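FYI, the working numbering numbers position 99 of the sequence shown as 170, with every residue one higher than the one before it.
Notes for the one structure printed next.
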Amino acid sequence: MLQIEYKIIDEFVGEIENISDEEISYSFLLGNVSLISSNAMIEMDWEWIPLLDFAYCLKAIAKNITINDKSKECFEFTENAETINFSKEVNQLKISASFSPVVILTTVKDFEIATTEFHSIISNYIRKHIVLKDPPKKLQKYLSIDV
């Protein structure tokens, strides 16, 4: 089992109608994230992780890992040189980070479920609390369930 927990620190100070990819990747809905399995946790308590971009990228990684039998993927943070690495062997997934000695072992299916749930929660939060009408086209891409 894998869970993705988060804490929102800052939403966005700007015109949501004109939001850019750069703003989504650097300054929109900032917070902390933790990847948690039954016996390990990778914490990212930096207060500046762009949560929607992170959720969107994790969904893309989950999709790539699900499609390929052997796969390695890497998430690179926008504000520093740290990375999270994903290494698949058959149906098992190893998650490690450049900033932590912790290694999470989970199934590909559990990773896919966790990333889908995380993306859905973040997207729904944005729709309910930030974008009360139709989201701008730039934002729709990141809110979409299809990556």
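Note that CB positions come from ideal geometry on N, CA and C, so glycine has one too.
Computed from a predicted model, the values in this text were never measured in an experiment.
Between Gln74 and Leu106, the C-beta gap is smaller than 9 Å, which places the two residues in contact.
Per DSSP, the unbroken beta strand (DSSP E) holding Asn103 starts and ends at 101 to 108.
Residue pairing for Tyr77: DSSP places it in a beta bridge opposite Val104. Excluding sequence positions up to five before and after Asn162, its CB lies within less than 8 Å of the CB of Thr178, Val179, Lys180, all in the same chain and listed in chain order. Contact check between the region 106 to 121 and the region 195 to 214: fewer than three CB pairs, one atom from each, fall below 8 Å, which does not count as touching. Under the criterion of beta carbons closer than 8 Å, Glu153 and Phe170 qualify as touching, at roughly 5 Å. Annotation for Thr137: no beta strand (DSSP E) segment contains it, though the alpha helix (DSSP H) segment containing it runs 122 to 138. Bridge partners of Leu164 according to DSSP: Lys159, Thr177.
Between Val202 and Ile80, the CB-CB gap reaches or exceeds 9 Å.
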